[in-house]
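First the structure, in the form of structure tokens, and then the observations on it.
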Amino acid sequence: MTNSAKTILPAPDQSHVASLDLLRAIAILAVCWFHFTNGREEFLPDGWLKSVGAFGWLGVQMFFVVSGFVIPWSLHRGGYHLHCYGRFILKRLARLDPPYLLSVVLVLLLGYLSTLSPLYRGNPFVLDWGQIALHLGYLNVFFQDKPWLNNVFWTLAIEFEFYLLIGLIYPLLASRSAAVRRVCLAAFTLTCLLVADINHLLHHAPVFALGIVAFQRKANLIGPRECVVATVLIALATGSLTRPIYLAASLPAMAVILYGTQTPPLFRFFGLISYSLYLLHVPLGMRVINLSLNWQRSIWESLGLIGLAFAVSTVGAYLFYRFVERASQALSSRIKYPQPPQGPDETKEPPTTRSA
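Okay, here's the thing in structure tokens:
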């Protein structure tokens with residue numbers, strides 16, 4: 005790796021799972037590609053370029069698997085107990101909300117500035133304070149007349165619902181009792197029967213559950229045979245109770261978590277800025293696409309514009325990561341879980357479980 009690359013990419017700590025950066029990079033690049041090729045119906049004619057990007061939305065399912073793994077993994081390594089629930093939620097808010105809320109402000113600012121352009125053809129700029137306020141609690145999902153200011157925010161609401169739930173059920177998923185772990189995992193997976201709306205966590209519960217199984221295996225709470233059995237059962241639930249196509253992204257994502265080792269520097273870079281890029285690729289990159297709608301383009305010119313949209317989004321995301329997101333990471337890392345007093349016979353680490 006060159007010296008310039010080293011200044012951009014911080015040295016990973018030993019608790020970091022390297023394959024997560026690879027997954028995040030693939031997921032965010034897929035989502036960007038989907039929006040840039042399919043976000044505006046009139047940008048591209050039907051054909052190979054549009055078709056290639058049509059399934060990029062599956063990157064969202066990869067992100068859900070990553071969250072299903074990394075949140076309980078961090079709780080496991082941090083010595084989380086149920087009495088730390090409030091602090092856990094505070095850590096997640098400190099980590100994610102400052103960039104998210106600042107991106108809301110940026111969306112509003114860019115929305116206003118866009119109306120000043122003589123090329124603008126959209127609706128007049130209007131501030132809806134109720135719509136804006138609902139973003140504070142990820143509540144727009146409950147109000148159809150108050151849509152998200154950025155259409156990618158719906159997945160952040162799902163992630164927040166997951167945080168609220170995982171902090172409560174983690175002690176069961178990481179229990180020393182195999183029966184407790186299995187019943188809790190099965191119950192969580194089957195909650196997809198309760199909600200058909202893709203805008204809520206429970207519809208995607210089986211996808212998150214695959215990440216949870218990866219956590220249990222990585223933490224040696226289950227053996228390889230139980231991991232395989234659980235994965236097959238959850239995959240069957242995903243295919244029969246939600247949408248089979250989710251498996252095209254979620255199963256490979258789980259495999260990368262369990263068996264991936266190295267992440268190339270370029271993918272590590274995109275994994276590093278994936279959250280910032282997720283927040284900004286629509287307000288930045290899609291503006292490049294929208295501006296191009298004012299003239300006729302060849303397919304190759306359209307491909308060049310997609311590259312420009314990627315470049316603008318990447319530069320903006322890196323600056324956002326450097327000056328906003330890293331501060332949130334530091335703030336979150338300063339919030340620690342208090343450890344309960346241990347008796348003389350208690351151990352710090354749970355025993356490993358032999359394969360079932």
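Counting in my numbering, the sequence shown runs from 5 upward without gaps. For every residue, glycine included, the Cβ atom is placed at its ideal position computed from N, Cα and C.
- DSSP places residue 224 in no alpha helix (DSSP H); its state is neither H nor E.
- The beta carbon of residue 208 is closer than 6 Å to those of 68 in its chain, skipping five residues each way along the sequence.
- Secondary structure note for residue 266: it is in no alpha helix (DSSP H), with a DSSP letter that is neither H nor E.
- For residue 184, the uninterrupted alpha helix (DSSP H) segment begins and ends at 182–194.
- Note that the region 186–199 does not touch the region 47–66; fewer than 3 beta-carbon pairs, one per stretch, sit closer than 8 Å.
- Of the residues 95, 264, 235 and 135, the one whose Cα lies closest to the Cα of residue 255 is 235.
- Our two residues, residue 226 and residue 267, have alpha carbons roughly 26 Å apart in a direct line.
- The beta carbon of residue 175 lies closer than 6 Å to those of 86 in the same chain, with the five residues before and after it left out.
- Nearest to residue 332 by alpha-carbon distance, out of 166, 177 and 104, is 104.
- By the CB criterion at 8 Å, residue 318 and residue 281 fall inside the cutoff.
- Between the region 25–43 and the region 112–132 there are fewer than three C-beta pairs closer than 8 Å, too few to call the two in contact.
- Distance check between residue 112 and each of 152, 79, 45 and 148 places 152 closest, using alpha-carbon atoms only.
- In the three-state reduction of the DSSP assignment, residue 58 falls in the coil class.
- If the five residues before and after residue 211 are omitted, its C-beta is found closer than 8 Å to the C-beta atoms of 65, 68, 69, 72, 242, 246, 250 and 254, all from its own chain and listed in chain order.
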